[in-house]
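Notes to accompany the following structure.
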Amino acid sequence: MKRKNSPMRRCIISALIFFLILSGNLFSSNPLPLKERKRNFDLKLKFLNEMKPILSDRDLNENISVLENHSRDVEATFKSGTEKEKKLALSVAEFKANPALKKCSEHMQSTARQLIEYYAFKTSGKVKSSTNSNDNHGRDTIDLNEKKARYFAMAKEELQQAEKFERDGNVFYSLHLYKRSVRYSLKSIQSSGFPVPEKLEGFRKLQN
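Number 14 in numbering that gives the first Met the number 0 belongs to position 15 of the sequence shown; there are no gaps in the numbering.
This is how it looks when you write it as structure tokens:
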């Protein structure tokens, strides 16, 4: 008579299989040296902590807190652990970083788009006044307009590049490009004398 597997037993077996598969993927997916991987992980955590007070997202903050715990585990393991223990601790930390990076990316992409749309809306329909080339004030106005246009063009370019890198799977690099896009949009907005949208006011900290 065959013994039936209980739902709990099947659940445990499935969990073990998943863990074994995951462990294999964690160890085999990153060919970089351990020191380089740790450096990359530290940079990711540093970036997330810099964005934490700006984004003020509860889920993201919880993810970052989890990452900080893993970071302490990694530091302790790198001091006294074996090579295998170092790989496992770092692999788990890297795996846990992905949801936080993705969440941060969603925020940054949305903000970059909103600022570009806001600036485009505020400047739509504005007519450029013709000025005499000998008029110093007119020359200054032209220079300022050219600077604002250049900032705005760079904001759009950085956004496009960020979205491309994210589609290609390089989420961390895309975050830096989203950040640059936001900065250029803020330069366009502020040099035009427009107020920064209230809900995005916190992003002005990125200019520091």
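Yeah, the Cβ is synthetic: ideal placement off N, Cα and C, and Gly gets one too. What you are looking at is a predicted structure, and each value in this text was computed from that prediction instead of being measured.
Item, Value
"Ser-64 vs Ser-173 beta-carbon contact at 9 Å", "no"
"For Ala-161 and Gln-108, believed in contact at Cβ under 8 Å, the rounded distance", "7 Å"
"Val-98: first and last residue of the uninterrupted alpha helix (DSSP H) it sits in", "Reading off the sequence, residue 98 comes out as Pro, not Val. From DSSP, the alpha helix (DSSP H) with Pro-98 extends over 82-122."
"Opening and closing residue of the alpha helix (DSSP H) in which Pro-52 lies", "33-54"
"Residue interval of the alpha helix (DSSP H) (run including Arg-204)", "For clarity, residue 204 is Lys in the given sequence; the question names Arg instead. Note, Lys-204: premise wrong, no alpha helix (DSSP H); not H, not E."
"Inter-residue Cα distance where the pair is Thr-110 and Leu-199", "7 Å"
"Residue of Phe-77, Asp-56, Asn-144, Phe-94 minimising C-alpha distance to Lys-34", "Phe-77"
"Segment limits, alpha helix (DSSP H) that includes Leu-185", "170-190"
"Neighbour-count burial assignment, Lys-163, 16 or more Cβ in a 10 Å radius", "exposed"
"Sequence-distant residues of the same chain with beta carbon closer than 8 Å to Gln-189, five excluded per side", "Val-195"
"Touching by the beta-carbon criterion (3+ pairs, under 8 Å), the segment 84-100 and the segment 55-71", "yes"
"Host alpha helix (DSSP H) of Leu-199 (start-end)", "Counting along the chain, Leu-199 falls outside any alpha helix (DSSP H), and DSSP gives it neither H nor E."
"Arg-36 burial status per 10 Å Cβ neighbour count (16 or more: buried)", "buried"
"Simplified DSSP assignment, three categories, for Asp-142", "helix"
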